[in-house]
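Asker: Numbering (the UniProt record's numbering), first residue to last: 1 to 94.
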């Protein structure tokens with residue numbers, strides 16, 4: 001008859017598929033956090049969790065998933081030394 005029967009259906013399907021796809025990253029993040037927070041680590045702060053995730057991502061990116069393949073340069077060593085110094089100062093304050 002030339003009249004479209006399902007005018008709204010394509011928009012509905014696109015909306016539903018974009019919502020479902022959008023949750024995948026969030027669900028993956030929750031799953032990774034759950035793997036980090038085991039019984040003996042249940043009191044980790046948000047900052048610690050972010051640090052662990054950043055370290056894991058850096059190893060995956062820079063070392064192809066292998067810690068021993070991460071290149072160690074002077075800049076990395078300087079950053080570690082600075083982070084340790086900040087940690088020591090923080091421990092003295094608390």
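C-beta atoms are modelled at their ideal positions from N, C-alpha and C, and glycine is treated no differently. Remember, it's a predicted structure, so these values are computed and weren't measured experimentally.
Residues in the same chain with beta-carbon distance under 8 angstroms from residue 96, minus the five sequence neighbours each way, listed in chain order, please.
Answerer: Coverage of the chain is limited to positions 1 through 94, which leaves residue 96 absent and any answer about it impossible.
Asker: According to the Cβ coordinates, are residue 32 and residue 53 closer than 8 angstroms?
Answerer: Yes. Within cutoff.
Asker: Can you give the beta carbon distance from residue 36 to residue 49, rounded, assuming they're within the 8 angstroms contact cut?
Answerer: 6 angstroms
Asker: Would you list, in sequence order, the uninterrupted alpha helix (DSSP H) runs of no fewer than 4 residues that lie entirely inside the segment 27-81?
Answerer: Within the segment 27-81, the alpha helix (DSSP H) runs of at least 4 residues that lie entirely inside it are, in chain order, 46-62.
Asker: Can you tell me which of the three DSSP states residue 14 falls into?
Answerer: helix
Asker: Going straight from the alpha carbon of residue 42 to that of residue 51, what length do you get?
Answerer: 15 angstroms
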